[in-house]
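Asker: In the working numbering, the protein residues as written are 14 to 313.
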Amino acid sequence: MIYITILFGGIAVLFIVLFLLNYYSIKNISKELKSLRNIDTNQQLRLTSPNENIEKMIKEISLILEAKQNDRINHEKNERELRKQIANISHDLRTPLTSILGYLQLIKDETTSEEEKSEYLSIIEKRSKVLQNLITSFYDLSRLEANEYVLEFKNVNIESLLREIIAAFYNDFIDKDFEVSVDLQEKLPTIIADENAMIRIFTNIFQNSLKHGFKAMVISQRQEAGMIISTFSNKVENFAKEDLEHVFDRFFTADRMRTGQNTGLGLTIVKKLAESMGHEVSASLEDNVFTIEVRCKLSL
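Below is the structure:
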């Protein structure tokens, strides 16, 4: 009888010890949770005594805390990006607007001659078009990112389309003293795309080359592996290899600090338009030659 009493007494003591260990483990976890709730930290919960069920609970809670930490980091990153974008938008809109207001003041000046007024009006018109293009780019990008940019898909003769756009930019190339080499494969099959979106893609690429390229441009187009591949190459200055990974980022321009007047939205819109149609765009840099490649899937 005495052995049974000792046995039950030992079991009771064991249960009490286990209870106290679990109690203090849970109490410690509650204390840590309370402190973690009010601070941002990567600290993990700790278990003061071994218990499989509590360990599972701690693991799940730790995953929740890790997710919370990641959400906080992403939120702070998005906040910084938003502030940067607002600053860039303000800068890009202010530059032509300040110029316009300055020339308007000169026109109002009684000492300004009629010839000078005519010259200033011409400058104001050009600055106004720059401002209009900026606003259009901001608006189009916001619609693309919100998936509100409506695309009308149809069979598009991309060879003919590119030839027309090259012809439309002929005077711009002449004005910039650009030598343009064109090698387009003939009788290419059509692609499925939004024609206006493809026009915008090629137009933005040409505008980017005219702004940042150096005196020459090579344009080619060919069919390869079920795709129509269009490439646009030109020599560049002040462009580093590490800039490549950012070339399609919003507001990125390798020479923003040098010129102070480039939005960096053109190639962002190129990539987003292409991808929204199921096509691909990439960039490369070799021996100071910057190349953009547009890969369009053929019509089925």
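The beta carbon of each residue, even a glycine, is placed where N, CA and C say it ideally should be.
Hey, Leu-197 and Glu-237: beta-carbon distance below 8 Å or not?
Answerer: Not a contact, by the Cβ cut-off of 8 Å.
Asker: Going by the CB atoms, is the gap between Ile-282 and Leu-154 shorter than 8 Å?
Answerer: A contact, by the Cβ cut-off of 8 Å.
Asker: Measure the beta-carbon distance from His-280 to Val-302 and round it to whole angstroms, keeping in mind my assumption that it falls under 8 Å.
Answerer: The displayed chain sequence assigns Leu, not His, to residue 280. Actually they are not in contact, since the Cβ atoms of Leu-280 and Val-302 sit about 16 Å apart, beyond 8 Å.
Asker: Suppose you measure from the CA of Leu-286 to the CA of Glu-293; what does that come to, to the nearest Å?
Answerer: Cα to Cα, the separation comes out at about 9 Å.
Asker: Leaving out five residues before and five after Tyr-116 in sequence, what residues of the same chain have Cβ atoms less than 6 Å from its Cβ?
Answerer: Same-chain partners within the cutoff: Tyr-133, Ile-136 and Ile-137.
Asker: Could you check the C-alpha separation between Glu-127 and Asn-184 for me, to the nearest Å?
Answerer: Roughly 29 Å between the two C-alpha positions.
Asker: Work out the CA separation of Ile-99 and Val-169 for me, nearest whole Å.
Answerer: For Val-169 and Ile-99, the distance between alpha carbons rounds to 37 Å.
Asker: If we ignore side chains and look at the alpha-carbon of each, how far apart do Thr-244 and Glu-123 end up?
Answerer: Their backbone Cα atoms lie some 53 Å apart in a straight line.
Asker: Would you mind working out which of Tyr-152, Phe-151, Lys-142 and Thr-304 sits nearest Phe-252, comparing C-alpha positions?
Answerer: Considering only alpha carbons, the answer is Thr-304.
Asker: Comparing C-alpha positions only, which one of Met-211, Ser-194, Gln-220 and Arg-140 sits nearest to Met-230?
Answerer: The residue with the shortest Cα to Cα distance from Met-230 is Ser-194.
Asker: Straight-line CA distance for Lys-90 to Asp-262?
Answerer: Distance between the alpha carbons of Lys-90 and Asp-262 is about 15 Å.
Asker: How far does the alpha helix (DSSP H) with Gln-236 in it extend, from its first residue to its last?
Answerer: Where Gln-236 is concerned, there is no enclosing alpha helix (DSSP H), although the beta strand (DSSP E) it sits in stretches over 229-237.
Asker: I'd like the list of long-range same chain contacts for Arg-308, defined as Cβ closer than 7 Å, with 5 residues on each side in sequence excluded.
Answerer: The residues are Met-240, Ile-242, His-292 and Glu-293.
Asker: By DSSP, does Val-294 sit in helix, in strand, or in coil?
Answerer: Correct three-state label for Val-294: strand.
Asker: Where do the N-terminal and C-terminal ends of the beta strand (DSSP E) with Val-260 fall, by residue?
Answerer: Careful: Val-260 lies outside any beta strand (DSSP E) and carries neither H nor E.
Asker: With distances taken from CA atoms, which of Phe-227, Ile-148 and Arg-176 is nearest Asp-105?
Answerer: Comparing Cα-Cα distances from Asp-105 to each of Phe-227, Ile-148 and Arg-176, the minimum goes to Ile-148.
Asker: Taking all protein chains shown into account, decide if Ala-181 is buried (16 or more other Cβ within 10 angstroms of its Cβ) or exposed.
Answerer: Burial call: exposed.
Asker: Determine, using beta carbons only, whether Ser-289 and Tyr-152 come nearer to each other than 8 Å.
Answerer: No. Outside cutoff.
Asker: Skipping 5 residues on each side, what residues in its chain have a beta carbon closer than 6 Å to that of Pro-202?
Answerer: So the list reads Leu-311, once near-sequence residues are dropped.
Asker: Can you tell me the Cβ-Cβ gap for Lys-248 and Glu-192, rounded? I've got them flagged as a contact below 8 Å.
Answerer: Not quite, the Cβ-Cβ distance comes to about 11 Å (not below 8 Å), so this is no contact.
Asker: In three-state DSSP terms, what is Asp-300?
Answerer: Residue state, collapsed to three classes: coil.
Asker: Give the range of the alpha helix (DSSP H) segment to which Leu-197 is assigned.
Answerer: Not the alpha helix (DSSP H): Leu-197 falls in the beta strand (DSSP E), residues 192-197.
Asker: Compare the beta carbon distance of Ile-212 and Ile-179 with 8 Å and say whether it is the shorter of the two.
Answerer: Cβ atoms of Ile-212 and Ile-179: not closer than 8 Å.
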